[in-house]
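Undergrad: Sequential numbering of the first sequence, starting at 0, is according to numbering that gives the first Met the number 0.
To start, I am sharing the structure in question, which I have written as structure tokens.
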Amino acid sequence: MAFGKGCHLHLIDGSAFIFRAYHALPPLTRKSDGLPIGAVSGFCNMLWKYIEDAKGSDAPTHAAVIFDKGSHTFRNDLYDLYKANREEMPEELRPQIPLTREATKAFNIACEEMAGYEADDIIATLARQAREAGGRVTIISSDKDLMQLVGGGVEMFDAMKNRAIGPEEVEAKFGVGPERVIDVQALAGDSVDNIPGAPGIGVKTAALLINEYGDLETLLARAGEIKQPKRRQTLIEKADQIRLSKQLVTLDEQTPLEFTLDDLELREPEPEQLMEFLNQMEFRTLTRRVAEKFGVEPPPVIETVAAPAASSSSATKEPEPETEQVPFDPDSYVCIRDAEELAKWLDEARAKGWVAVDTETTSLDEMKAEFVGVSLSIEPGKAAYIPLGHTSGEGDLFGGAERVEGQMDLEEALSLLKPVLEDDAILKIGQNMKYDFKIFARHGIRVAPIDDTMLMSYAMFSGLHGHGMDALSDRYLNHQPIPIKELIGSGKSQITFDKVDIAKATRYAAEDADITLRLWQMFKPRLHREQVTTVYETLERPLVPVLADMEMAGVKVETAVLSRMSNAFAQKMAQLEDEIGKIAGQPFNVGSPKQLGEILFDQMGVEGGKKGKTGAYGTGADVLEDVTTMEDTNPEAAKLAARVLDWRQISKLKSTYTDALQTHVNAETGRVHTSYVISGANTGRLASTDPNLQNIPVRSEEGRRIREAFVAGPGMKIVSLDYSQIELRILAHVADLPEMREAFKEGLDIHAATASEMFDVPLEKMTPEIRRQAKAINFGVIYGISGFGLARNLRIPRAEAQGFIDRYFERFPGIRKYMDDTVAFAKEHKFVQTLFGRKIHTPDIVSKGPAAGFAKRAAINAPIQGAAADIIRRAMVRMPAAIEGLPATMLLQVHDELIFEVEEKAVDKLIDAARATMEGSAEPSVKLSVPLVVDAGQGASWAAAH
DNA sequence: AACTTCACG
DNA sequence: GACGTACGTGAAGTTC
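Next comes the structure, spelled out in structure tokens:
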């Protein structure tokens, strides 16, 4: 039926329905997999009720549900702060948005949206068209922004209050008729949508003014006549802002729609289609109601395996894929070679609200990597690869290799990808997203929002297995991906990805995106079941952009300083080698523990045993140190050991630091860019690689000088802030040690205070030796103390060490309870937890033999080390906002320390802001019973800042 | 690739 | 009664 006179169009504001449903209902989840489903449930119930209610005498002939699409509209182009203070869409809600589209279609109601326009604009346009065609319109919404449309056959209906909104109701709200609503809104502004309006003028005053002058333009033209000086001044000065506001609140009645009113003709739901959807969502009640209504049998209820309340994770292979899995088919993957095809895929991503993304590049180093291709996946089995930088031939000094035909232009592809990658209504899913984030960031694209399957795995399964894609695919999808080696080879003959044939690359790269999407679909609901959603969302995921920015910033390193040190070290080493050769009676490779062992123990007759599976002599520093004490029995060996120790120290500094660091200086930036592995340590700590900047020497005077090469740029300073004794403070809190808590509150030297408590020595009579022993015990406790270990560390008899430990437990009874409770918890659950909910799995806790001992100590240590890691992660996530506007950059993290580069004049401000953020970062999640204290230092170099 | 050693918190 | 033991990392060099 063509739309015309006598027709009645119902327009449902879909977004309003969704939000109302979301906020009205408790957070329901789908039973079979834990998918959040509350908003969809509410949405369906509202639609059903609407259909039932709409059947009276005034029934609609045409109807549509209108949705917003994306968040960027033409209004953002007019005013970049439009809706800028909108809160992020709740995490639980995001995956439900596409489902509400599906629900609408299942109800057989037209479902419309339009990129670049708000739902309100589509509603305005349809209302105008219907009005002009002589029909009537009812807008199902109570949104005040739609009230400008009321009149001339258009009215609104508030479904919650069950009342119509006509011209009288609009006038009651705005003080003017519908035709002047936008004038009032332009003046009054709107804090929700961040429309500025005229400062100091609200709806009441606006209506007064409009009623007096007739309309907005007249008012602005005659603003000079206004008596109140403040009001007059505002209207004159802010006229532009008010006109802009009017533009923003005015709905676009000329939205270019791709459908007509006739397409919206109301249809009865198809019972089967509808029930299949409802059943899939596992809405039992509604499914039954619908079945009754249509007089058909409800479909069989989906068998659900109730999710266990506690964690169900185990070290064994998961039998997860219960439902039929779409088979992997590399031949089905699409190779995207032109803009039309890419646009098609991106539209599907928009419709779904998510897309898995993976990049292929020429290097593992994100700071050097060039784009070779991008792969996308929208649903399991459906993936595509966009080749962008494949080359052939060798290339030479004068020209790059030849570009392979049939590839999109990189810039063109990126310009199409950018709006999707930055659209906050489209979730970008990746495996190790920090890598892809950095590649895109270097091309001016900030990917957001994101999900990362590697980090999901880390949050759920830390301690159980690795989180690389191959391992996850094998374990959870029972699928072995194409090994990268098959494409690029290995070792010396390895090639870069751009040299890979496009057809092969498509099969490999698209598969990665496919796997990532499948893993995500499996992991997302499981985060809830494992109760680590908050950990993932507050401690893992938000770290991705923060770390990416730190890594991209890099730290300035003076190669000249390092080079000078290298030369000095080389000289010293040669000298020592010479001496060592003379003592040994023959030259040998000092760097070879095997040769050294044979010379020391076989030729020079030092008493000492073999160890290790290989049967080689142990020649570690502790062994050699023992040998140096044999001046009386074997003076030659003692001397040799001492020289070797010196040589080893210098060799280490040279090869690992002064030499290697220089090779890591990026040619373009002149700085060193480390890479942090978020899932690197089981406890929640980060790991730093390529190069590792978390183990730059500091303990020895010689080594510490390497930090002099880590410098600030001109006019800048290096600032270092570190948590003081954070692990002991956490121990004092979690193990409930009142004496230690008090010591921290009083700001005492904690090791001295411990010594005083243990050995009954007053603080003023403390000796360095007693304090040293107490310090060793304090650390021992954190590591899961044993008499043997403490004895070795302090080089005292085992019985004496055990005596210390007994005494410690006696004085701090909370310690023993903490240890016992933690181990018992680990045995029961096979994991331990930090204060912030991070889980660290300890499957070996039940094994027999030495592994059990390791697992036990790891279980004792993990909640402490892990909580400290959580605390600094929280600080890092908050840091960008905390130091916003300051000329400062966060550069490095070293477990309990954050390092910044700051303009000299802002050093004090930076320290204040960063310290406050760090000291307060446990809150509000955890209120510690001990204060967190942060020490700060500054200087031209890292050495000076420490 | 495994092992040893040693740098850091 | 014996066995092995501090917790968490990454990199370089040697050996197999």
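Cβ coordinates follow ideal geometry from the N, Cα and C atoms, glycine included.
If you reduce the DSSP assignment to three classes, tell me which class residue 937 lands in.
TA: strand
Undergrad: Residue 240: which of 78, 171, 526 sits nearest, CA to CA?
TA: 78
Undergrad: If I follow the unbroken beta strand (DSSP E) through residue 110, where does it start and stop?
TA: 109-111
Undergrad: Looking at C-alpha atoms only, which residue of 767, 325, 729, 847 is the closest neighbour of residue 780?
TA: 729
Undergrad: For a quick check, are the C-beta atoms of residue 905 and residue 887 less than 9 angstroms apart?
TA: yes
Undergrad: What's the C-alpha gap between residue 910 and residue 885?
TA: In a straight line, the C-alpha of residue 910 is about 11 angstroms away from that of residue 885.
Undergrad: Is it buried or exposed for residue 687, if we count other Cβ within 10 angstroms and need 16 for buried?
TA: It counts as buried.
Undergrad: Under a Cβ-count criterion, where at least 16 other Cβ atoms within 10 Å of its own Cβ denotes burial, should residue 445 be classed as buried or exposed?
TA: exposed
Undergrad: To the nearest angstrom, how far is it from the Cα of residue 369 to the Cα of residue 501?
TA: 16 angstroms
Undergrad: I need the boundaries of the alpha helix (DSSP H) containing residue 672, first residue and last residue.
TA: In the DSSP annotation of this structure, residue 672 is not part of any alpha helix (DSSP H), being labelled neither H nor E.
Undergrad: Please name the residue in 172, 877, 14, 498 whose C-alpha comes closest to that of residue 362.
TA: 498
Undergrad: Consult DSSP for residue 818 and reduce its assignment to one of helix, strand or coil.
TA: Secondary structure of residue 818 (DSSP, three-state): helix.
Undergrad: Given this structure, state the Cα-to-Cα distance separating residue 690 from residue 520, to the nearest angstrom.
TA: Taking the straight line from one Cα to the other gives about 34 angstroms.
Undergrad: Under 8 angstroms, with one C-beta from each stretch per pair, do the region 597-604 and the region 692-701 reach the 3-pair mark?
TA: no
Undergrad: Do you know offhand how far residue 788's Cα is from residue 706's?
TA: 32 angstroms
Undergrad: Kindly indicate which residue of 721, 393, 155 has the alpha-carbon position closest to the one of residue 871.
TA: 721
Undergrad: So the candidates are 425, 827, 837, 861; which of them puts its Cα closest to the Cα of residue 845?
TA: For residue 845, the nearest C-alpha among the options comes from 827.
Undergrad: Excluding sequence positions up to five away, which residues of its chain have a Cβ less than 8 angstroms from the Cβ of residue 749?
TA: 724, 727, 739, 742, 743, 777
Undergrad: How would you call residue 736, buried or exposed, if buried means at least 16 neighbouring beta carbons within 10 angstroms?
TA: buried
Undergrad: Taking only the alpha-carbon atoms, compute the straight-line gap between residue 471 and residue 60 and give it to the nearest angstrom.
TA: 52 angstroms
Undergrad: With a threshold of 6 angstroms on Cβ separation, who are the neighbours of residue 595 within its own chain once the five nearest residues in sequence on each side are excluded?
TA: 618
Undergrad: List, from N- to C-terminal side, the alpha helix (DSSP H) runs of 4 residues or more that fit wholly inside the region 860-918.
TA: 906-918
Undergrad: Quick one: using the 10 Å Cβ neighbour count with 16 as the cut-off for buried, is residue 52 buried or exposed?
TA: exposed
Undergrad: Nearest-angstrom Cα distance between residue 417 and residue 373?
TA: 12 angstroms
Undergrad: Within 10 angstroms of the Cβ of residue 235, are there 16 or more other Cβ atoms? Answer buried if so, exposed if not.
TA: exposed
Undergrad: Runs of 3 residues minimum, wholly inside the region 333-396: which ones carry the beta strand (DSSP E) assignment?
TA: Listed in chain order, the complete beta strand (DSSP E) runs (minimum 3 residues) inside the region 333-396 are 353-360, 370-378, 381-386.
Undergrad: Measuring only from the beta carbon, is residue 751 closer than 8 angstroms to any heavy atom that is part of the ligand ZN?
TA: The model on display carries no ligand, and the ligand ZN is accordingly not part of it.
Undergrad: Over what stretch of residues does the beta strand (DSSP E) that includes residue 575 continue unbroken?
TA: From DSSP, residue 575 is part of no beta strand (DSSP E) but of the alpha helix (DSSP H) over 558-583.
Undergrad: Hey, residue 205 and residue 174: beta-carbon distance below 9 angstroms or not?
TA: yes
Undergrad: When we look at the beta-carbon of residue 272 and count the other beta-carbons within 10 Å, is it buried (16 or more) or exposed?
TA: exposed
Undergrad: With a threshold of 8 angstroms, are at least 3 pairs of Cβ atoms found where one atom belongs to the region 56-76 and the other to the region 411-428?
TA: yes
Undergrad: Measuring straight from C-alpha to C-alpha, what distance separates residue 142 and residue 80?
TA: 21 angstroms
Undergrad: With DSSP as the reference, label residue 495 as helix, strand or coil.
TA: In the three-state scheme derived from DSSP, where H, G and I count as helix and E and B as strand, residue 495 is classed as coil.
Undergrad: Report buried or exposed for residue 759, applying the criterion of at least 16 other Cβ atoms within 10 angstroms of its Cβ.
TA: exposed
Undergrad: Extract the residue ranges of the beta strand (DSSP E) inside the region 792-854, only unbroken runs of 3 or more that lie entirely within it.
TA: 830-832, 838-840
Undergrad: Determine contact between the region 24-33 and the region 149-161, defined as no fewer than three beta-carbon pairs at a distance below 8 angstroms.
TA: Fewer than three Cβ pairs drawn from the region 24-33 and the region 149-161 lie within less than 8 angstroms of each other, which leaves the two stretches out of contact.
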